[in-house]
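Worksheet for the structure shown next.
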Amino acid sequence: MIYADIRKKRKEYSISQTKLAEASGYSKATISAWELGKSIPSNYELSRLNEALSSIIKDIEDCIFDVRKKRITHYKVEKRDLPSPIRSADDYKERLSLRAVKETPYSKSLSDLYHKAQKQKDSNAPKAIALFSGCGGLSLGFAAEGFNLVGHVEIEESANRIYDDNFSGSRLLGTDICKISDGDLREWISEYGSIDVLVGGPPCQGFSLAGKRDPEDIRNQLYKYYVHIVSVLQPKAFVMENVRLLTSMKNSDGRLFIDCILESFSKAGYHVIRREINACDYGVPQSRERVILIGIRNDIKKEFEFPVGEYTNDNQVNMLFSPKKRLSFRDATGDLQPLESGESSSDPLHWSIVHPEHVIKWLKDVPEGCSAHENKDPAMRPPSGFNTTYKRIMWDEPCSTISTNFSMISGCRNVHPTSTRSLTIREAARAQSFPDEFVFSGKWGEIRKAIGNAVPPILAAAIARSILDQLFVD
Ligand SMILES: C[S@@+](CC[C@H](N)C(=O)[O-])C[C@H]1O[C@@H](n2cnc3c(N)ncnc32)[C@H](O)[C@@H]1O
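By my numbering, the letter at position 351 of the sequence shown is numbered 1831, and the numbering carries on one by one without gaps.
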């Protein structure tokens, strides 16, 4: 076999160099150098590449990949080992009812949040609309604090299905935000009267390190539609969430995006409080850095203080609150059944994908907090990559950021502290503070995406509470 054969096959199946790099353990730069003929792989390297490629192709042929987008949604999963997808809300509830449960203070607090969110709202409850609503992480926090979520806008069918199953009172007001006309907005006003709060975070891939940070990325312009809807509906307040990297991203004129966003909200009649926060300071068992903008309409003359994160690991005494200890991955998931690669439990979301033997060998003896790249024996290290990858998270610290790729063992800090496998969907949902009762249905890749994209409901609830207390209570 020569490299040209690998390249031909890769192109035929539209497999990106990045995906081949992830599956084979070689870096994208190495693969690119082989493709350009700048260097020549050894026979051993060729056979490993071929093995990785064949396994991706097998999965494509088994329809495990999202072929439409030519993108891998799972890493090396053998079809026979996958539990069947959750077909509907009833299917989820039925499977959940059959699992063995052991309630913990954390799982109980999430359950309480879910039940608060489900309570019927009275007619005085402030009305909210969620834009870019995803599956509803942000909405869940607002609903739990008493906001009446009357409508939402979201383009992905799979996210809408999950949202509908959890927010039965909310109406899908539009799919593509770019297609919402002023006529539509007038209809919303005549149907709901005034809207009190708009919440939503435009997609962040265009800004995140995981994406290419391309200023021309169309997703970086979507905030303009959000601003337009704010300017027409004139809610008392709005909340916009995004990745922290948004604050350093420039547009093609060299201006900071964040300055453009703040300026356009100011023109729409709002003053904006901006904070860069970490979700773990608000009681989420996960380190997740985000920028939050809370906009208040200029005529609202109430003072507004951004909510303070009350969870810390510092021993400093604070005059404003008595600090609580940050929640850890153990607090969030310690009650779940221990699982190794390929094993499953009675919980419909707690099962592990099957990882290749050679990856398990690299990781088996790696201590928590360390990466397989740090193994003393070079033969036990992945052939290339950074030591943030193939890395175990720590039991007694907040979990690392949950992205949409949390099931990829080669991703950033996705390996369980003691079991040799990537995180299960239940572990990721818990780390994101989704209650077990929150209904997830659809293909596994769709559920992973919805969870990785979400604002943690516990963080959303802290923001919602501060808005409610300061702007809506006399
Ligand atoms: C960061 S996620 C939002 C997550 C949500 N705030 C939550 O807490 O679950 C961004 C969402 O915007 C949606 N989206 C992307 N482009 C859109 C468009 N043109 N119109 C409406 N929604 C869009 C994506 O499908 C994605 O679900």
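For each residue, glycine too, the CB sits at the ideal point set by N, CA and C. The model shown is predicted, which means the values in this text are computed figures rather than measured ones.
Between Gly1775 and Phe1737, the C-beta spacing is not below 9 Å. Annotated three-state conformation of Leu1620 is helix, per DSSP.
In the three-state reduction of the DSSP assignment, Ser1899 falls in the coil class, being assigned neither a helical nor a strand state.
Between ligand 1 and Ile1943, a heavy atom-to-CB distance of less than 8 Å is absent. Rounded to whole angstroms, Leu1773 and Pro1585 show a C-alpha spacing of 31 Å.
Rounded to the nearest whole angstrom, the C-alpha separation of Met1888 and Ile1780 is 47 Å. In this model, Ser1946 and Ala1934 are separated by some 20 Å (Cα to Cα).
Ala1934 sits in coil when the DSSP states are folded into three classes, being neither helix nor strand. Distance between Tyr1643 and Trp1924, taken at the CA atoms: about 16 Å. Runs of the beta strand (DSSP E) spanning 3 or more residues and lying entirely within the region 1769 to 1819 occur at 1769 to 1777, in chain order. Straight through space, the alpha carbons of Val1834 and Leu1500 are spaced by roughly 18 Å. Nearest in C-alpha terms to Ala1909, of all of Ile1709, Arg1901 and Phe1920, is Phe1920.
Residue range Ala1569 to Ser1577 is occupied by the alpha helix (DSSP H) that includes Ala1569. Its chain contains Pro1862 and Pro1863 as the residues whose beta carbon lies nearer than 6 Å to that of Gly1505, once the 5 sequence neighbours on both sides are disregarded; these appear in chain order. Straight through space, the alpha carbons of Tyr1594 and Gly1681 are spaced by roughly 21 Å.
Taking the CA atoms as reference points, Asn1604 sits about 47 Å from Leu1819. Taking C-beta atoms as the reference points, Ala1930 and Phe1622 fail to come closer than 9 Å.
Comparing alpha-carbon positions, the option among Ala1759, Glu1515, Gly1517 and Ala1513 lying closest to Leu1939 turns out to be Ala1759. Within its own chain, the residues whose Cβ lies closer than 7 Å to the Cβ of Gly1614, once the five positions on either side in sequence are excluded, are Glu1634, Ala1639, Ala1930, Asn1933 and Ala1934, listed in chain order. Relative to ligand 1, the beta carbon of Asp1779 is positioned no closer than 8 Å to any heavy atom.
Between Ala1503 and Ala1484 the beta-carbon gap is near 19 Å, outside 8 Å, which marks them as no contact. By the C-beta density criterion, His1838 is exposed, having fewer than 16 other C-beta atoms within 10 angstroms.
Not one heavy atom of ligand 1 is found less than 8 Å from the C-beta of Pro1915.
For the pair Arg1567 and Pro1828, the Cα-to-Cα distance works out to about 12 Å. Gln1766 carries a strand assignment under DSSP once its states are collapsed to helix, strand and coil. Ranked by Cα distance from Glu1671, the first of Gly1631, Val1710 and Cys1879 is Gly1631. Runs of the alpha helix (DSSP H) lying entirely within the region 1481 to 1547, each at least 4 residues long, are 1483 to 1492, 1497 to 1504, 1508 to 1515 and 1523 to 1541 in chain order. Close CB contacts of Lys1596 within its chain, under the 7 Å cut and outside five residues either way in sequence, are with Ala1624 (chain order). A distance of 9 Å or more separates the beta carbons of Ile1873 and Leu1713.
Taking C-beta atoms as the reference points, Arg1906 and His1830 count as a pair closer than 9 Å. Non-local C-beta neighbours of Arg1724 in its own chain, meaning closer than 8 Å and more than five positions away in sequence, comprise Glu1756, Glu1769, Arg1770 and Val1771, ordered along the chain.
Phe1627 is a Cβ neighbour of Asp1676, given a cutoff of 9 Å. The closest CA to that of Gly1789, considering only Lys1782, Pro1803 and Arg1777, is found on Pro1803. Around the beta carbon of Gln1600, fewer than 16 other beta carbons lie within 10 angstroms, which makes this residue exposed. Beta bridge pairing from DSSP links Asn1628 with Lys1607. Of the residues assessed, Gly1749 falls on the exposed side of the cut-off, its CB having fewer than 16 other CB atoms within 10 angstroms.
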